[in-house]
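**Student:** Can you keep this structure in mind? I'll have questions shortly.
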Amino acid sequence: MADLSINLGDIFLLDTGGQKNHWYIAIAPLSSDEFLFVNISTWYEGSSDNDGTCILKPAARMPGFINRKSFLAYKFARSYTAEQLEKLIVPNSDLPYDTLEPQILRRVQRESLNARNLKKKYLNALRAYLGVS
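Converting from the sequence shown to our numbering requires adding 7 to each position, the first position being numbered 1.
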C-alpha cells in the first residue's frame with residue numbers, strides 16, 4: 008500500500024476483526040501522527056446500542072454509503088496512526104473511501120463533545136483541539 012495520509016473528515020472502511028467491516032471517520036488529531044476515529048453504525052429502532060448524540064441521515068451532502076439513518080458509535084472510538092490504519096483498511100477500498108464536507112465534519116465534532124460513551128482521553132483531546140473547556 009502506498010504511503011497513507013490522514014486528513015480530518017476522511018472515512019475508511021476497516022476490518023476490525025468483527026463479522027463485518029466498519030466505517031470510521033477521523034475527527035480530531037491526537038498528536039502529529041495519531042488521529043481519533045469514530046465508528047459509523049446503522050440505527051436500528053428500539054436497539055439499546057443506538058446513541059443519539061450524533062445522527063447521520065442520507066442527504067445530497069452526505070457520503071453515499073450512508074443510505075439509512077446512522078449514528079456515531081462512540082464506544083467503538085479508536086486512535087490510529089497511518090501505519091496502524093493501513094493494516095486495517097479493507098483491501099481494494101478507496102483511500103480514503105470518502106471524506107465529510109467541512110460543514111458536516113464541524114457538526115460531527117461539535118456534537119461529539121456531548122458523547123457520554125466516548126473515552127475521557129478522547130473527549131479531552133477533542134476539546135483541546137476545538138479549543139473548548
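Glycine is no exception: its CB is placed at the ideal position from the N, C-alpha and C atoms.
Based on DSSP bridge pairs, tell me the residues matched to P36.
**Tutor:** For the purposes of this step, residue 36 is taken as residue 29 along the sequence shown, with counting starting at 1. Per DSSP, F42.
**Student:** At the level of alpha carbons, what is the spacing between K127 and R68?
**Tutor:** Numbered from 1 along the sequence shown, position 120 holds the residue referred to as residue 127. Numbered from 1 along the sequence shown, position 61 holds the residue referred to as residue 68. Answer to the nearest angstrom: the Cα atoms are 30 Å apart.
**Student:** Taking contact to mean at least 3 C-beta pairs separated by less than 8 Å, is the stretch 93-102 in contact with the stretch 59-78?
**Tutor:** No contact exists between the stretch 93-102 and the stretch 59-78.
**Student:** To which residues does DSSP link F78 through a beta bridge?
**Tutor:** Reading the sequence shown from its first residue, position 71 is the one you call residue 78. F78 pairs with S48, I62.
**Student:** Taking the alpha carbon of N46 as the reference point, which residue from Q110, R134, V115 has its own alpha carbon closest?
**Tutor:** The sequence position of residue 46 within the sequence shown is 39, counting from 1. Among Q110, R134, V115, the Cα nearest to that of N46 belongs to V115.
**Student:** In whole angstroms, give me the CA-to-CA distance for L43 and L11.
**Tutor:** On the sequence shown, position 36 is the one that residue 43 refers to. On the sequence shown, position 4 is the one that residue 11 refers to. Each residue's alpha carbon lies about 16 Å from the other.
**Student:** Would the stretch 11-30 count as touching the stretch 49-67 if we require 3 or more Cβ pairs under 8 Å?
**Tutor:** Because the criterion of three Cβ pairs below 8 Å is not met, the stretch 11-30 and the stretch 49-67 do not touch.
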